[in-house]
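S.K.: Residue numbers (numbering that gives the first Met the number 0): 0 to 452.
Every residue gets a Cβ at the ideal spot worked out from N, C-alpha and C, and that includes glycine.
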Amino acid sequence: MEITGKRALVIGAARSGLAAAQYLAQRGAQVSLNDLKQRAEIAEEQLSLLEKLGVELILGRHAPVAHMRPDFVIVSPGVPFEAPPLIEAEKAGIPVWGELELASRLTKAALVAVTGTNGKTTTTSLIGKIFCDAGRKTFIGGNIGVPFVGKAEEFGSEDIAVLEVSSFQLAATETFHPRVSLILNITPDHLDRHHTMEGYIDAKAKIFANQTAEDYLILNKDDEETAKLAARARTNVLFFSRKHKLEKGFYVEDGWLVARDSGQTMRLVPIEELQIKGGHNVENALAAAAAGWVMGVDKESLVHSLRTFQPVEHRLEPVLTYQGVTYINDSKGTNPDAAIKALEAFTAPIVLIAGGRHKGSDLGPFAEKIKERVKELVLVGEAAPVINEAVKKVGYTHIHFADSFADAVEKASRLAREGDIVLLSPACASFDMFANFEQRGQVFKELVRQLVK
Numbered sequence: 000m001e002i003t004g005k006r007a008l009v010i011g012a013a014r015s016g017l018a019a020a021q022y023l024a025q026r027g028a029q030v031s032l033n034d035l036k037q038r039a040e041i042a043e044e045q046l047s048l049l050e051k052l053g054v055e056l057i058l059g060r061h062a063p064v065a066h067m068r069p070d071f072v073i074v075s076p077g078v079p080f081e082a083p084p085l086i087e088a089e090k091a092g093i094p095v096w097g098e099l100e101l102a103s104r105l106t107k108a109a110l111v112a113v114t115g116t117n118g119k120t121t122t123t124s125l126i127g128k129i130f131c132d133a134g135r136k137t138f139i140g141g142n143i144g145v146p147f148v149g150k151a152e153e154f155g156s157e158d159i160a161v162l163e164v165s166s167f168q169l170a171a172t173e174t175f176h177p178r179v180s181l182i183l184n185i186t187p188d189h190l191d192r193h194h195t196m197e198g199y200i201d202a203k204a205k206i207f208a209n210q211t212a213e214d215y216l217i218l219n220k221d222d223e224e225t226a227k228l229a230a231r232a233r234t235n236v237l238f239f240s241r242k243h244k245l246e247k248g249f250y251v252e253d254g255w256l257v258a259r260d261s262g263q264t265m266r267l268v269p270i271e272e273l274q275i276k277g278g279h280n281v282e283n284a285l286a287a288a289a290a291g292w293v294m295g296v297d298k299e300s301l302v303h304s305l306r307t308f309q310p311v312e313h314r315l316e317p318v319l320t321y322q323g324v325t326y327i328n329d330s331k332g333t334n335p336d337a338a339i340k341a342l343e344a345f346t347a348p349i350v351l352i353a354g355g356r357h358k359g360s361d362l363g364p365f366a367e368k369i370k371e372r373v374k375e376l377v378l379v380g381e382a383a384p385v386i387n388e389a390v391k392k393v394g395y396t397h398i399h400f401a402d403s404f405a406d407a408v409e410k411a412s413r414l415a416r417e418g419d420i421v422l423l424s425p426a427c428a429s430f431d432m433f434a435n436f437e438q439r440g441q442v443f444k445e446l447v448r449q450l451v452k
């Protein structure tokens, strides 16, 4: 892709937008960076670096796209397609891509892309470990960690890039072409952005839109919406399942993760030996094993990776145990389905901290699971009244309101008794209080550590 001398408009000065602007400027493009935030709301170090590279900053207002006439627009995942600059670009016939699309045009690496409503980060991280343990030069990132665009050209045709990709990122792709794509599950999420479930599913399905008969699509047989996507595919489809024995694929049998291909069944590792716990993590391990297998990782290496992989930060992450109470950070549980999976992962009594910014999903199943599994519920943030209404509808009454996030942790610690779990699994986005779920998780861990000082 020719970049030198091109005019590029980057919309959104968050992590991926800043990375894209920096990359393009360093490669000789004429770059403008636009964000509605004021300068003081953005990392000054990053902005100063971009200015030294010649990037024009358009902050606190919308960029006049029709007047600027860029060759292409790079949009950050957090910017909705209804934003005026994007509407202007579409009317003017200017290509609008995400940083993911741009990076995929720049790399020679084989792409392994992971999407789904829940489980993306754990599965992406595990797949990355599988390839690293097998001795392959591997990039791990995308929607987590480091944006790919700044590293894309460093990886050659023998290398692998394992990418977590969100529905927002996929919506802004055009030629994105993974060698292996995985869809872990699809449950209602981000309906405030995609408007309908069909729109959300269509965005997820773009992960395999450009795949051919040489590629692989790995799908969850147990998830109805995900399994149905096999009918849309023009590539090799491989299923994984926690509930069903498959003629071909990866599944559970007699407490083991097994692979079946060409009529042969091969045991990999007992579920009890996985370091990541919960039924949803069994599914994540099956999916990751399938991805490694189709890319040629041998059994011995695969088993080693499955046995030694540790839980990722902010996803059912143990923080500490104090006075017999275990504190678990599941800040990445940003929707009801993720929080349900977290609640199902434990047998001990749970004091749950939930709330944040509601994204429009149905809270009914979450409320039923709270009634079944939660000893005490501490609600915080914008969504507290909405969750309160949902749990009261199912007859749950052990509800406590917190004035702040710190108050929520303190209330939960007072409510917990020896043998209990205090679980942060908010079922909501973090944006009412925090920049992202990572910041929310870090604050939770620090507040918990302060309890023992």
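Measuring from the CB of Thr264, is there a heavy atom of the ligand COA at a distance below 7 Å?
M.R.: Summarising the ligand content, the structure contains no ligands, and the ligand COA is consequently not present.
S.K.: Starting from Arg306 and walking both ways along the alpha helix (DSSP H), at which residues does that stretch end?
M.R.: Lys298 to Thr307 is the extent of the alpha helix (DSSP H) around Arg306.
S.K.: Classify Asn33 as helix, strand or coil using the three-state DSSP reduction.
M.R.: Reduced to three states, the DSSP call for Asn33 is strand.
S.K.: Taking Val302 as the reference, which of Leu110, Leu267, Glu445 and Thr120 has the closest Cα?
M.R.: The candidate whose alpha carbon is nearest that of Val302 is Leu267.
S.K.: What residue range does the beta strand (DSSP E) around Arg266 cover?
M.R.: Taken as a continuous stretch (DSSP letters only), the beta strand (DSSP E) holding Arg266 covers Gln263 to Pro269.
S.K.: Would you grab the beta carbon distance between Lys331 and Phe436 for me? Rounded to a whole angstrom, and I think it's under 8 Å.
M.R.: Going by Cβ atoms, the distance from Lys331 to Phe436 rounds to 5 Å, so yes, they are a contact pair.
S.K.: Are the region 37-51 and the region 92-107 touching, with three or more C-beta to C-beta distances below 8 Å?
M.R.: Segments in contact, no.
S.K.: Closest to Gly380 by C-alpha separation, out of Ala426, Ala12 and Lys51, would be which residue?
M.R.: Per the Cα distances, Ala426.
S.K.: Can you give the Cα-Cα distance for Ala286 and Leu181, rounded to whole angstroms?
M.R.: C-alpha separation (whole angstroms): 7 Å.
S.K.: Closer than 6 Å by C-beta to Phe130: which residues in its own chain qualify, once you throw out the five before and the five after it? Chain order, please.
M.R.: Answer for Phe130: Thr137 and Ile159, listed in chain order.
S.K.: State yes or no: is the beta carbon of Thr172 nearer than 8 Å to at least one beta carbon in chain C?
M.R.: In summary, chain C is missing from the structure at hand, where a single protein chain is found.
S.K.: Measure the C-alpha to C-alpha separation of Pro348 and Phe154 and round it to an integer number of angstroms.
M.R.: C-alpha separation (whole angstroms): 47 Å.
S.K.: Helix or strand or just coil, what does DSSP make of Glu163?
M.R.: Correct three-state label for Glu163: strand.
S.K.: Using CA coordinates, which residue listed in Pro384, Glu388 and Ala341 is at the minimum distance from Ala401?
M.R.: If we check each option's Cα against that of Ala401, Pro384 comes out closest.
S.K.: Who are the Cβ neighbours of Arg453 in its own chain at under 7 Å, not counting the five residues just before and after it?
M.R.: Residue 453 lies beyond the residue range present for the chain, which begins at 0 and ends at 452; the question has no answer from this structure.
S.K.: Look at the Cβ atom of Leu110, then the Cβ atom of Val148, and state whether they are nearer than 8 Å.
M.R.: Taking 8 Å as the Cβ cut-off, Leu110 and Val148 do not qualify as a contacting pair.
S.K.: Restricting to Cα atoms, I'd like to know which of Ile352, Arg439, Ser360 and Ala366 is closest to Thr116.
M.R.: When only C-alpha atoms are compared, the closest one is Ser360.
S.K.: Name the DSSP bridge partner or partners of Glu453?
M.R.: In the structure as shown, the chain starts at 0 and stops at 452, and residue 453 therefore has no counterpart that could be examined.
S.K.: With a CB to CB cut of under 6 Å and the five nearest residues on each side skipped, what residues in its chain are close to Leu414?
M.R.: Excluding sequence neighbours, Leu414 sits near Val350 and Glu375.
S.K.: Nearest to Val393 by CA position, among Ala411, Ser412, Phe365 and Ser403, is which residue?
M.R.: That would be Phe365, whose Cα lies nearest to the Cα of Val393.
S.K.: For Tyr326 and Gln309, what's the separation of their Cα atoms in angstroms?
M.R.: Cα to Cα, the separation comes out at about 17 Å.
S.K.: Report, in whole angstroms, the separation of the C-beta atoms of Glu173 and Gly141, which I expect to be a contact under 8 Å.
M.R.: Not a contact, Cβ separation roughly 17 Å.
S.K.: How long is the line joining the alpha carbons of Arg38 and Leu58, rounded to whole angstroms?
M.R.: Their backbone Cα atoms lie some 7 Å apart in a straight line.
S.K.: Using the Cβ count rule (16 or more neighbours within 10 Å means buried), how would you classify Leu99?
M.R.: Buried.
S.K.: Mind listing, in chain order, the continuous alpha helix (DSSP H) runs of no fewer than 4 residues lying wholly within the region 107-191?
M.R.: You should have 119-132 and 166-170.
S.K.: Using a Cβ-Cβ cutoff of less than 6 Å, which residues in the same chain neighbour Tyr22 once the five nearest sequence positions on both sides are dropped?
M.R.: Closer than 6 Å at Cβ, skipping near neighbours: Val148 and Gly149.
S.K.: Leaving out the 5 sequence neighbours to the left and right, which residues in its chain are closer than 7 Å to Ala229 when beta-carbon positions are compared?
M.R.: Contacts found: Leu218 and Val236.
S.K.: Output needed for Val390: all residues of its chain with C-beta closer than 6 Å, excluding positions within five of it in sequence on either side, in chain order.
M.R.: Ala366 and Ile369.
S.K.: Are there three or more Cβ pairs, one per stretch, closer than 8 Å when the region 70-90 is compared with the region 8-16?
M.R.: Counting Cβ pairs under 8 Å, three or more are found: they touch.
S.K.: Alpha helix (DSSP H) containing His66: first to last residue?
M.R.: First-last of the alpha helix (DSSP H) with His66: Val64 to Met67.
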